[in-house]
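Asker: The opening residue of the sequence shown carries number 23 in my numbering; numbering runs sequentially from there.
The C-beta atom is built at its ideal place from N, Cα and C for all residues, glycine as well.
Treat the numbers as computed from the prediction; the structure is a model and nothing was measured.
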Amino acid sequence: MNALIKQHLIDPEICIRCGTCEETCAVDAVTHNDDNYVVDMEKCNYCMDCIAPCPTGSIDNWRTVHTAYSLEEQFSWEELPEQEKIADGGGDETIEALEDEISALLAEAHKGTGGKAVAPASASKPSVNLYRRSAAASARVQGKLRLTEEGTGNDVRHIVLDLGDTVFPVLEGQSIGIVPPGEDANGRPHDVRLYSVASARDGERPNTNNLALTVKREKGGVCSNYLCDLERGDQVQVTGPFGSTFLIPEDPSAKLLMICTGTGSAPFRAFTERRRRTMPTITGGLTLYFGARRPEELPYFGPLKKVPADLMTQHLVYSRLPDAPKEYVQDRMLENVDDLSMLLSQATAHVYICGLKGMEAGVDDSFAEICRRSGRDWAALKAEMREAGRYHVETY
Ligand code: A2P
Numbered sequence: 023m024n025a026l027i028k029q030h031l032i033d034p035e036i037c038i039r040c041g042t043c044e045e046t047c048a049v050d051a052v053t054h055n056d057d058n059y060v061v062d063m064e065k066c067n068y069c070m071d072c073i074a075p076c077p078t079g080s081i082d083n084w085r086t087v088h089t090a091y092s093l094e095e096q097f098s099w100e101e102l103p104e105q106e107k108i109a110d111g112g113g114d115e116t117i118e119a120l121e122d123e124i125s126a127l128l129a130e131a132h133k134g135t136g137g138k139a140v141a142p143a144s145a146s147k148p149s150v151n152l153y154r155r156s157a158a159a160s161a162r163v164q165g166k167l168r169l170t171e172e173g174t175g176n177d178v179r180h181i182v183l184d185l186g187d188t189v190f191p192v193l194e195g196q197s198i199g200i201v202p203p204g205e206d207a208n209g210r211p212h213d214v215r216l217y218s219v220a221s222a223r224d225g226e227r228p229n230t231n232n233l234a235l236t237v238k239r240e241k242g243g244v245c246s247n248y249l250c251d252l253e254r255g256d257q258v259q260v261t262g263p264f265g266s267t268f269l270i271p272e273d274p275s276a277k278l279l280m281i282c283t284g285t286g287s288a289p290f291r292a293f294t295e296r297r298r299r300t301m302p303t304i305t306g307g308l309t310l311y312f313g314a315r316r317p318e319e320l321p322y323f324g325p326l327k328k329v330p331a332d333l334m335t336q337h338l339v340y341s342r343l344p345d346a347p348k349e350y351v352q353d354r355m356l357e358n359v360d361d362l363s364m365l366l367s368q369a370t371a372h373v374y375i376c377g378l379k380g381m382e383a384g385v386d387d388s389f390a391e392i393c394r395r396s397g398r399d400w401a402a403l404k405a406e407m408r409e410a411g412r413y414h415v416e417t418y
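In structure tokens form, the structure reads like this:
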């Protein structure tokens, strides 16, 4: 019988296919096809470098096996297999030794991250992975709108997709995959790209089977240019939905702190709509810290101005105003230490961070400073909040 191994696996139900693990892996052990990101046991050296950067914790899954699951098996999974019963002779000691070894490595890798992502306790149950590239859903472009002013360097679009008769349930905070047509220079089909849904679960227009995306045209970006150039009536191949932790609590007393840059605002537009439509008299509030270069380049600037102050407290923060010093969201947080400190002290507070990866460390430092000033330990609080489904990060 083969020796026991602890196989590193990625949970296809939680993974949002952001590709961070593949980018992080120095030995190319992480790979993907159109459906799943997987770990090649032949190459994985257990360095654990991929663990902390994964925004969902889907990377942190392990099975004790005698024979490793092949890449083909992993590519075909819609969910992780149960831990198989290890045959007698594997020896508990061996299993325990393996468990201990991996736990020690993981504890080191998780230092400062607060551990795995968990959905809010009161969140609705999401549907995931209903459509894959091999059996994608078809959507029709129903509307498109430029969100940033013409002439600015930022071309960000609001794109509404109509799912017609296709059952495609999404929750606020989930993403969908877009399949760009065509092939790359090597003749391989282009990769599926993920976009956060910017509308509420009951549709961009209430009780309609459609959804909106917030797409920034990236220089040379295959999928973003494809999406931004679509015309009304065009058909788009869609996969997903993806994501099972970055979700809104249904508890009306939950207080949501939403921190974003640029198109990271998409899920927060969805959260705001959900709250606006279902809980006009909520007891828990919404607080938004939103960073952009200038007002003209802040997606949803106009609509945001119309959100009533009793529904949401807004901090719109600009980095490139002609007559003001550069300001980032994390800088503004430090100007509101008392409010944020008060918020963090409440068991109903939920923190969401979405946008540029660079922002994550800056925001973390500000939380640490805010906690320090009130004699609290941010690392411990973050871990506690994360475990309780009250701390969520999605950066790219
Ligand atoms: P900057 O002026 O330095 O680029 P956009 O998507 O339009 O580029 O907007 C992203 C916003 O996030 C910009 O205002 C950008 O500022 C800002 N930003 C860039 N890096 C960071 C960071 N590390 N932390 C917080 N905000 C950042």
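Using C-beta distances below 8 angstroms, list every residue in its chain close to Asn358, excluding the 5 sequence neighbours before and after it, in chain order.
Answerer: If you number the sequence shown from 1, residue 358 lands on position 336. Only His337 meet the Cβ criterion.
Asker: Roughly how many whole angstroms lie between the Cα atoms of Arg354 and Ile281?
Answerer: Residue 354 sits at position 332 when you count from the first residue of the sequence shown. Residue 281 sits at position 259 when you count from the first residue of the sequence shown. One C-alpha to the other measures close to 11 angstroms.
Asker: Could you tell me if Met138 is buried or exposed, where buried requires 16 or more neighbouring beta carbons within 10 angstroms of its beta carbon?
Answerer: Locating residue 138 in the sequence shown gives position 116, where the first residue counts as 1. Here the sequence assigns Lys to residue 138, which means Met is not the residue at that position. Lys138 should be labelled buried.
Asker: Could you please give the first and the last residue of the uninterrupted beta strand (DSSP E) stretch that includes Thr355?
Answerer: As a first step, residue 355 must be located in the sequence shown, where it is residue number 333. Strictly speaking, residue 355 in this sequence is Met, with Thr absent from that position. It is not in any beta strand (DSSP E) - Met355 instead sits in the alpha helix (DSSP H) that spans 351 to 355.
Asker: With 16 as the cutoff for other CB atoms within 10 Å, does Asn176 come out buried or exposed?
Answerer: Counting from one through the sequence shown, the residue named residue 176 turns up at place 154. Buried.
Asker: Looking at the strands, I want to know which residues DSSP matches up with Tyr248.
Answerer: Numbered from its first residue, the sequence shown carries residue 248 at position 226. Paired residues: none, contrary to the question.
Asker: Quick check on Trp400: does DSSP put it in helix, strand or coil?
Answerer: Residue mapping note: residue 400 aligns to position 378 of the sequence shown, counting from 1. It is helical.
Asker: Could you name the residues of the same chain whose beta carbon sits closer than 8 angstroms to that of Val339, not counting the 5 residues immediately before and after it, in chain order?
Answerer: Numbered from 1 along the sequence shown, position 317 holds the residue referred to as residue 339. Tyr311, Phe312, Gly313, Ala314, Glu349, Tyr350, Val351, Asp353, Arg354, listed in sequence order.
Asker: Report back the beta-carbon spacing between Phe268 and Glu416 to the nearest angstrom; my notes put them in contact at under 8 angstroms.
Answerer: As a working note, residue 268 is residue 246 in the sequence shown. As a working note, residue 416 is residue 394 in the sequence shown. Right, their Cβ atoms sit about 5 angstroms apart.
Asker: To test your reading of the DSSP string, which unbroken alpha helix (DSSP H) runs of 4 or more residues are found completely within the region 268 to 325?
Answerer: The region 268 to 325 contains these whole alpha helix (DSSP H) runs: 288 to 300.
Asker: Would you say Asn358 touches ligand 1, meaning its beta carbon is less than 7 angstroms from a heavy atom?
Answerer: Indexing the sequence shown from 1 puts residue 358 at position 336. No; taking the cut-off as 7 angstroms, the Cβ of Asn358 has no heavy atom of ligand 1 nearer than that.
Asker: Specify the secondary structure class of Thr46 as computed by DSSP and reduced to three states.
Answerer: One-based indexing of the sequence shown puts residue 46 at position 24. Helix, per DSSP.
Asker: What three-state label does DSSP hand Thr417 in the structure shown?
Answerer: Against the sequence shown, residue 417 aligns to sequence position 395. In the structure shown, Thr417 sits in a strand (DSSP, three-state: E or B).
Asker: Give a single yes or no on whether Asn176 has its beta carbon closer than 7 angstroms to a heavy atom of ligand 1.
Answerer: Here residue 176 refers to the residue found at position 154 when the sequence shown is read from its first residue. Because some heavy atom of ligand 1 lies under 7 angstroms away, the Cβ of Asn176 counts as near it: yes.
Asker: At a cut of 8 angstroms, does the region 290 to 304 reach the region 213 to 230 through at least three beta carbon pairs?
Answerer: With the cut-off at 8 angstroms, the region 290 to 304 and the region 213 to 230 touch.
Asker: If you draw a straight line from the C-alpha of Ala369 to the C-alpha of Thr78, how long is it?
Answerer: Indexing the sequence shown from 1 puts residue 369 at position 347. Indexing the sequence shown from 1 puts residue 78 at position 56. Straight-line Cα distance between these residues: approximately 22 angstroms.
Asker: With DSSP as the reference, identify every bridge partner of Lys327, one or two as the case may be.
Answerer: For this step, residue 327 is matched to residue 305 along the sequence shown. According to DSSP, Lys327 bridges with nothing at all.
Asker: Give the DSSP-derived three-state secondary structure of Met334 in the structure shown.
Answerer: Sequence index remark: in the sequence shown, residue 334 carries index 312 (1-based). DSSP places Met334 in strand when its eight states are reduced to three.
Asker: Under 7 angstroms from any heavy atom of ligand 1, does the C-beta of Thr309 make it?
Answerer: As a position in the sequence shown, residue 309 is number 287, starting the count at 1. No, the Cβ of Thr309 stays beyond 7 angstroms of every heavy atom of ligand 1.
Asker: Where does Gly286 land, buried or exposed, given buried means 16+ other C-beta within 10 angstroms?
Answerer: Taking the first residue of the sequence shown as position 1, residue 286 is located at position 264. The residue in question, Gly286, is buried, as its Cβ has 16 or more Cβ neighbours within 10 Å.
Asker: Starting from Val359, follow the beta strand (DSSP E) in both directions and report where the run begins and ends.
Answerer: The count along the sequence shown starts at 1 and reaches residue 359 at position 337. Unbroken run through Val359 is the alpha helix (DSSP H), 359 to 366; no beta strand (DSSP E).
Asker: Would you identify the three-state DSSP class for Lys379, choosing helix, strand or coil?
Answerer: Start at 1 with the first residue of the sequence shown, and residue 379 comes out as number 357. Helix, per DSSP.
Asker: Tell me the DSSP bridge mates of Pro211?
Answerer: In the sequence shown, the residue the question calls residue 211 occupies position 189. The partner list for Pro211 (beta bridge, DSSP) reads Glu205.
Asker: Measuring from each Cβ to the nearest heavy atom of ligand 1, keep the ones under 7 angstroms and list them in chain order.
Answerer: For ligand 1, the selected residues are Asn176, Lys238, Thr283, Gly284, Thr285, Gly313, Ala314, Arg315, Glu319, Tyr340, Ser341, Arg342, Lys348, Tyr350, Val351, Gln352, Gly377, Leu378, Gly380, Met381, Gly384.
Asker: Entirely within the region 44 to 93 and at least 3 residues each: give me those beta strand (DSSP E) ranges in chain order.
Answerer: Qualifying beta strand (DSSP E) stretches, in chain order: 52 to 54, 59 to 61, 83 to 87.
Asker: Give the C-beta separation of Arg297 and Leu308 to the nearest angstrom, bearing in mind that I take them to be a contact with Cβ-Cβ under 8 angstroms.
Answerer: Here residue 297 is taken as the residue at index 275 of the sequence shown, counted from 1. Here residue 308 is taken as the residue at index 286 of the sequence shown, counted from 1. Correct: roughly 6 angstroms between the Cβ atoms.
Asker: For Met318 and Glu171, I'd like the C-alpha separation in whole angstroms.
Answerer: On the sequence shown, position 296 is the one that residue 318 refers to. On the sequence shown, position 149 is the one that residue 171 refers to. This sequence places Glu at residue 318; Met is not what is there. Approximately 5 angstroms between the Cα atoms of the pair.
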